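For my numbering, add 7 to where a residue sits in the sequence shown, where the first one is 1.
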Amino acid sequence: MRRGSADVSTRLGPVELRSPIIAAAGTVGSVVDFSGAADFRAYGAAVAKSVSPEPWAGRPAPRLSSVGTGMLNGIGIQNPGIDAWKRDVGPKLCDVPVPVWGSAVGRDAGGFAEVAAGLEEAAVAAVEVNLSCPNLDDGHLFALDAASAAMVVDAVRAATDLPIGAKLSPNAVDIAAIAAAVRDAGADWVVLTNTVWGAGIDVETRRPKLSGVVGGYSGIPLKPIALRCVWEVAQAHPDIPILGCGGVRCGDDVVEYLLAGASAVAVGTAHFAEPRVGKRIVKELERYMAKHGIASLDELVGAAESW
Ligand SMILES: Cc1cc2nc3c(=O)[nH]c(=O)nc-3n(C[C@H](O)[C@H](O)[C@H](O)COP(=O)(O)O)c2cc1C
């Protein structure tokens, strides 16, 4: 996407993006149903809510709560399952003015692979492998263990020829080791990161703010945590393409993630307050580039100065 002198196109592994802004999974519905509210022309891609092999009912209310400047969610990946998704959402993907990426989730590697194959049939442009949802009832998080994460990505790699992004968790003790494991299993990039585990309690009712008590914390307070993950992976493995994600809401946030080593940036929670946030962020990014005489985003990726 070239306007004036600033070129905001970028590349994430094998994928060319007209803009570095990606709509994060679960924050723009199926993409199709959010298309009227957002202006997806400002985005490089938009990721649909995660889909599982069978329908998942999700958790009972309450499952969303604002906590401080962030948001706590315990949706539990409510979704209709891949067959219904292919039937109801798939045919509408071509009406959306942005490449749509699917997001696969499952209880085991075979489940992830089944969904990835279904997403490919529905003609998504890429598959995100959601290894890091913190809301599943058995508490299993593939993204906390290198061998488990690699096993899932390996199965997805065998099931689809589409580009694959592996979405990791800021709860991982050694995020660089997990990133290397999923790269070796065939992921084309890593998404850093999903939400971080969090909880809150209403002091008047004394009840937890989520029915499931522990959920995923996102928004502004996640940014330094996710940025730290980007930094650690970029320093340890400069060859791994990174999609930064966590607390992005303005052009400077994007620049910060790029300087830390990300090649593109996903925006999530900010959509709830401002559905057209992506358009504003791109304008702010262009303004930053013009002010600093930057012609291409390549000049920013991994370009943080050392002390
Ligand atoms: C309500 C809600 C639902 C989400 N659902 C998904 C999901 O289905 N799949 C997924 O990979 N991430 C999901 N996420 C995580 C976001 O994609 C993103 O990684 C996270 O919110 C951090 O970015 P943010 O701080 O910009 O929101 C969800 C986040 C929120 C707030």
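Just so you know, even glycine gets a beta-carbon here, dropped at the ideal spot from N, CA and C. This structure is a prediction, so every number in the text was calculated from the model and none was measured.
Return helix, strand or coil for residue i, following the three-state DSSP convention.
i: A132; result: coil
i: R18; result: strand
i: L307; result: coil
i: I28; result: strand
i: E293; result: helix
i: K56; result: coil
i: V122; result: helix
i: L100; result: helix
i: G33; result: coil
i: E127; result: helix
i: V105; result: coil
i: W63; result: strand
i: A112; result: Sequence check: residue 112 is Val here, not Ala. DSSP places V112 in coil when its eight states are reduced to three.
i: V39; result: helix
i: G300; result: coil
i: G77; result: strand
i: A91; result: helix
i: A13; result: strand
To the nearest angstrom, how far is the alpha carbon of residue i from that of residue j?
i: R399; j: F47; result: With the chain running from 8 to 314 in the structure shown, residue 399 is simply not present.
i: R114; j: L229; result: 26 Å
i: S313; j: P282; result: 36 Å
i: I89; j: V122; result: 6 Å
i: L24; j: A45; result: 18 Å
i: G300; j: V39; result: 37 Å
i: S270; j: A30; result: 15 Å
i: A302; j: G309; result: 16 Å
i: M296; j: E306; result: 10 Å
i: P69; j: S218; result: 5 Å
i: F149; j: L138; result: 5 Å
i: V160; j: E127; result: 15 Å
i: A49; j: P170; result: 21 Å
i: L265; j: V272; result: 8 Å
i: G125; j: L199; result: 25 Å
i: A194; j: S73; result: 33 Å
i: K298; j: A280; result: 28 Å
i: A179; j: V197; result: 14 Å
i: A13; j: C140; result: 36 Å
i: T202; j: V35; result: 16 Å
i: S59; j: K93; result: 12 Å
i: I316; j: V274; result: With the chain represented from 8 up to 314, any question about residue 316 goes unanswered, as that position is not in the structure.
i: V255; j: A111; result: 23 Å
i: H147; j: V15; result: 38 Å
Next on the checklist: At 3 residues or longer, what runs of the beta strand (DSSP E) sit wholly inside the region 143–221?
Outcome noted: Within the region 143–221, the complete beta strand (DSSP E) segments of 3 residues or longer fall at 171–174, 196–199, 203–205, listed in chain order.
Checklist entry - Considering only residues of the region 221–289, which uninterrupted beta strand (DSSP E) runs meet the minimum length of 3 residues and lie entirely inside it, listed in chain order? => result Runs of the beta strand (DSSP E) inside the region 221–289: 222–226, 249–252, 271–274.
Next on the checklist: Closer than 8 Å is the cut-off here; do at least three beta carbon pairs connect the region 184–194 with the region 207–221?
Outcome noted: With the cut-off at 8 Å, the region 184–194 and the region 207–221 do not touch.
Next on the checklist: I'd like to know if the region 220–229 and the region 242–251 are in contact, where contact means that at least 3 CB-CB pairs between them fall below 8 Å.
Outcome noted: The region 220–229 and the region 242–251 do not touch, with fewer than 3 CB-CB distances between them shorter than 8 Å.
Checklist entry - On the three-pair Cβ rule with 8 Å, is the region 99–109 touching the region 125–144? => result Proximity of the region 99–109 to the region 125–144 meets the contact definition, three or more beta-carbon pairs being nearer than 8 Å.
Next on the checklist: Counting beta carbon pairs with one atom in the region 53–63 and one in the region 245–265, are three or more of them shorter than 8 Å?
Outcome noted: No, because fewer than three Cβ pairs between the region 245–265 and the region 53–63 fall closer than 8 Å, the two stretches do not touch.
Next on the checklist: Three or more C-beta pairs under 8 Å: does that hold for the region 56–65 against the region 281–301?
Outcome noted: No: fewer than three Cβ pairs fall under 8 Å.
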